[in-house]
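Undergrad:
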Amino acid sequence: MKSIIEVRQVYKKYRIGRILPYYTLRDKLAEFYRKPVNLFKKKKMNSDGLLADEFWALRDVSFEVYPGEAIGIIGRNGMGKSTLLKVLSRITPPTKGEVRLRGRVASLLEIGTGFQQELTGRENIFLNGAILGMKQKEIRNKFSEIVDFAEIEKFLDTPVKHYSSGMYTRLAFSIAAHLDPEILMVDEVLAVGDASFQKKCLGKMENTTWEGRTVIFVSHNMTAVKQLCAKCLLLENGKIIAFGQTAKIIHLYSRMTNDKKA
Amino acid sequence: MKEIIIRPKPKWQLVDLEEIWRYRELFFVFTWRDIKIRYRQTILGVVYVIFQPVVNMVIFTVFFGNLAKIPSGNLPYALFVLIGLVYWNFFSGALSRASDSMVSNESMIRKVYFPKIILPLSEIVTFLFDFVINFILLIIFAAVLGYYPNLWILIILPLSVILTSCTIAGVSLFLSSLNVKYRDVRNVLPFLIQIILFLTPVIYPLSIVSDRNKHIMALNPMTSVVETMRLAFQSNPVFNPILILISVFSALFFLYLGLWYFQKTERYFADIV
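Here the protein sequences line up with chains A and B, keeping their order. Be aware that the first sequence starts at 1, since it is given in the numbering used here, and climbs by one per residue. Be aware that the second sequence starts at 263, since it is given in the numbering used here, and climbs by one per residue.
(1) Using a beta-carbon distance below 9 Å, is N475(B) in contact with chain A?
(2) Anyone know if the C-beta pair for E6(A) and R104(A) falls short of 9 Å?
(3) Is it true that the CB of I386(B) sits closer than 9 Å to the CB of A360(B)?
(4) Taking DSSP as the reference, what is the three-state secondary structure of V268(A)?
(5) Quick check on the burial criterion: 16 or more other C-beta atoms within 10 angstroms. Buried or exposed for P272(B)?
(6) For S107(A), which beta-bridge partners are listed by DSSP?
(7) Which residues in chain B sit within 7 Å of Q136(A), going by Cβ to Cβ distance?
(8) Note down, in chain order, every chain B residue with its Cβ under 8 Å from the Cβ of F63(A).
(9) Are any of the Cβ atoms in chain A nearer than 9 Å to that of P270(B)?
(10) Does DSSP put A150(A) in a helix, a strand or coil?
(11) Let me know the alpha helix (DSSP H) ranges lying completely inside the region 322-406 of chain B, each 4 residues or longer, listed in chain order.
(12) Whose Cβ in chain B lies nearer than 9 Å to the Cβ of V99(A)?
(13) In terms of residues, what are the limits of the beta strand (DSSP E) holding D60(A)?
(14) Distance check for V348(B) and N412(B), CA to CA, integer angstroms please.
(15) Since L132(A) meets chain B, which of its residues come closer than 8 Å, beta carbon to beta carbon?
(16) Return the first residue and the last residue of the alpha helix (DSSP H) that K86(A) is part of.
(17) Hey, would you say D533(B) sits closer than 9 Å to Y14(A), going by beta carbons?
(18) Is there a Cβ of chain B sitting closer than 9 Å to that of Q116(A), yes or no?
(19) Grouping DSSP H, G and I as helix and E and B as strand, with all else coil, what is P420(B)?
(20) Between the alpha carbons of L400(B) and V343(B), how many angstroms are there, rounded?
(21) Just to make sure I have the definition right: I need the residues of chain B whose C-beta is within less than 7 Å of the C-beta of F243(A). Which are they?
(22) From the DSSP output, read off the bridge partner residues of T120(A).
(23) Pull up the distance between the alpha-carbon of L435(B) and that of E281(B), whole angstroms please.
(24) Closer than 8 Å by C-beta to F326(B): which residues in its own chain qualify, once you throw out the five before and the five after it? Chain order, please.
(25) Mapping the DSSP letters down to three states, classify A70(A) as helix, strand or coil.
(26) If the cut-off is 8 Å on Cβ atoms, which residues from the region 357-370 of chain B count as contacting chain A, listed in chain order?
(27) For chain A, is any of its Cβ atoms less than 9 Å away from the one on V537(B)?
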């Protein structure tokens, strides 16, 4: 069987210490005025092919996913989980390597992306659905399902700025849950809503895998990972250090974190 | 299903029209969102759209037409300046919104994949919607004053809209990607737009400019757009093909430059925005 996701030797380089997410031309000019030579000096690279303030967020990541599989990606904070997901969902390009996706992709790095405060719940369903890649016709067909699942019938025509945070997340998740992709990539979005709604979401996602869909799931919630994913991938410092059956990997991971604490 | 290949550098392509077509619904939804939000927050709604050029027209007519006695050819100054303002509002409004579109939609850029070029382009379409309303107002106003467009308008109108849109697209694609990296663009832009207003014959006729300077001014495509549209309201229009040609090439150059710079930088927007 041909794999549906193929990741080959992916590297991603980032810079450390960019606290300011953007530059200003003014700063650049000021720097040039102070040290005009700097601009032409060749910057030193270390053996890893990195400048002093750069690091590899992903290092030689390779793996394959077959249709219908659900893969959990686990690891401590800052170990490259989200970066991997961003590369897979085409938000940021890899520095080296290649990824092949053979199916319709939907990625959920955040629920409610692009929600507009001024627009009503109804309008936001169409807006957010489109942003996530749904066709308008598809949204119209699933509209009542989405509304039922989110339990917001009464507030459909209220601008979402007046929603409670619970209603807001319920609506956002509900739209996401009704996506119909072949590959679904999810990042930690279940850490929202009350316990009963979380349960409902997990149930919905399980159904998604049962229908033969491929899922990539990034989470710190081991219970959710166990429930959803048959296989798991453990990242440490941007490298895959283990890939295999969920129970085993989670065991390894908990041992690792316990060692760190001890 | 087509295979998607993600690589550090994609195959070079100035603009991926096929992908834009695939995302046409999102394009439509963005446009519709902007129109809705703009009209929702204003009590006056559509009236607000015509408010701006009308008020400007009155002010300009009083100060530049009546007091400074700026000539306006054989059109009344009010009509003369309104023709310019209708295009100018389209140009300046769309340019400033489109140039800011990457930054104002940064949360989306960092969380989902879509061809980013549709953000500035949909802003232009949004302002095109306003332009249509304003243009209807212009025709009505001209008719009230007893001026009717000649048949040339059937050619001038679509061409002028295309030329304006290409220019806005080119400049705003360039500025919006520059804005991602250097936020100074945001502060400089209003100033820049004001300068272009004076470099465009909106409040004065091109005829008061020397012949050589006319050709330089035609590098700003809006010069030909405004001047030519005025001819559509005259009984014996005399066109200046050289000026129009300069403007067309200049607009195409801006468009190329914008597309080139945008496609060169867009892949890294999510990392720096």
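Note that beta-carbon positions come from the ideal geometry of N, C-alpha and C, so glycine has one too.
TA: Inspection of the coordinates gives the following:
(1) Your numbering for residue 475(B) matches position 213 in the second sequence. Output row for N475(B): interface = no.
(2) In the first sequence, counting from the first residue as 1, residue 6(A) sits at position 6. In the first sequence, counting from the first residue as 1, residue 104(A) sits at position 104. Cβ atoms of E6(A) and R104(A): not closer than 9 Å.
(3) Within the second sequence, the letter at position 98 stands for residue 360(B). Within the second sequence, the letter at position 124 stands for residue 386(B). Cβ atoms of A360(B) and I386(B): closer than 9 Å.
(4) As shown, chain A starts at 1 and ends at 262. That puts residue 268(A) outside it, with no answer to give.
(5) By one-based count along the second sequence, residue 272(B) stands at place 10. With a threshold of 16 other beta carbon atoms within 10 Å, P272(B) falls short and is exposed.
(6) The residue given as residue 107(A) occupies position 107 in the first sequence. Under the DSSP definition of a beta bridge, S107(A) partners with M185(A).
(7) Looking up residue 136(A) in the first sequence gives position 136. Within 7 Å of the CB of Q136(A), the CB atoms of chain B belong to E287, in sequence order along the chain.
(8) Reading the first sequence from its first residue, position 63 is the one you call residue 63(A). Neighbours of F63(A) on chain B: none; closest Cβ ~14 Å, over 8 Å.
(9) Start at 1 with the first residue of the second sequence, and residue 270(B) comes out as number 8. So, interface residue.
(10) Along the first sequence, one-based indexing puts residue 150(A) at 150. In this structure, DSSP gives A150(A) a helical state, which the three-state scheme calls helix.
(11) For secondary structure counted as the alpha helix (DSSP H) over 4 or more consecutive residues, the region 322-406 of chain B holds these complete runs in sequence order: 339-361, 363-366, 368-373, 380-406.
(12) The residue labelled residue 99(A) in the question sits at position 99 within the first sequence. Contact of V99(A) with chain B by beta-carbon distance below 9 Å involves I266, I267, I268, R269.
(13) For the purposes of this step, residue 60(A) is taken as residue 60 along the first sequence, with counting starting at 1. In the DSSP annotation of this structure, the continuous segment of the beta strand (DSSP E) that includes D60(A) starts and ends at 54-65.
(14) What you label residue 412(B) is simply residue 150 of the second sequence in a count that begins at 1. What you label residue 348(B) is simply residue 86 of the second sequence in a count that begins at 1. Spanning the two alpha carbons is a distance of roughly 18 Å.
(15) One-based indexing of the first sequence puts residue 132(A) at position 132. Simply V374.
(16) Reading the first sequence from its first residue, position 86 is the one you call residue 86(A). Looking at the DSSP string, the run of the alpha helix (DSSP H) that includes K86(A) is 81-88.
(17) Along the second sequence, read from residue 1 onward, the residue named residue 533(B) stands at position 271. Along the first sequence, read from residue 1 onward, the residue named residue 14(A) stands at position 14. Closer than 9 Å, so yes.
(18) Here residue 116(A) refers to the residue found at position 116 when the first sequence is read from its first residue. Output row for Q116(A): interface = yes.
(19) One-based indexing of the second sequence puts residue 420(B) at position 158. In the structure shown, P420(B) sits in a helix (DSSP, three-state: H, G or I).
(20) What you label residue 400(B) is simply residue 138 of the second sequence in a count that begins at 1. What you label residue 343(B) is simply residue 81 of the second sequence in a count that begins at 1. Rounded to whole angstroms, the separation of the alpha carbons of V343(B) and L400(B) is 11 Å.
(21) The residue labelled residue 243(A) in the question sits at position 243 within the first sequence. Residues of chain B passing the Cβ test: none, with the nearest at roughly 20 Å.
(22) On the first sequence, position 120 is the one that residue 120(A) refers to. By DSSP's assignment, T120(A) forms a beta bridge with P159(A).
(23) Numbered from its first residue, the second sequence carries residue 435(B) at position 173. Numbered from its first residue, the second sequence carries residue 281(B) at position 19. In a straight line, the C-alpha of L435(B) is about 17 Å away from that of E281(B).
(24) Start at 1 with the first residue of the second sequence, and residue 326(B) comes out as number 64. In its chain, beyond the 5 residues on either side, I332, Y339, V343, I465, Y466 have a beta carbon closer than 8 Å to the beta carbon of F326(B).
(25) For the purposes of this step, residue 70(A) is taken as residue 70 along the first sequence, with counting starting at 1. Reduced to three states, the DSSP call for A70(A) is strand.
(26) Of all residues in the region 357-370 of chain B, N367, S369, M370 have a Cβ within less than 8 Å of some Cβ in chain A.
(27) The requested residue 537(B) does not occur in the structure, where chain B is confined to residues 263 to 535.
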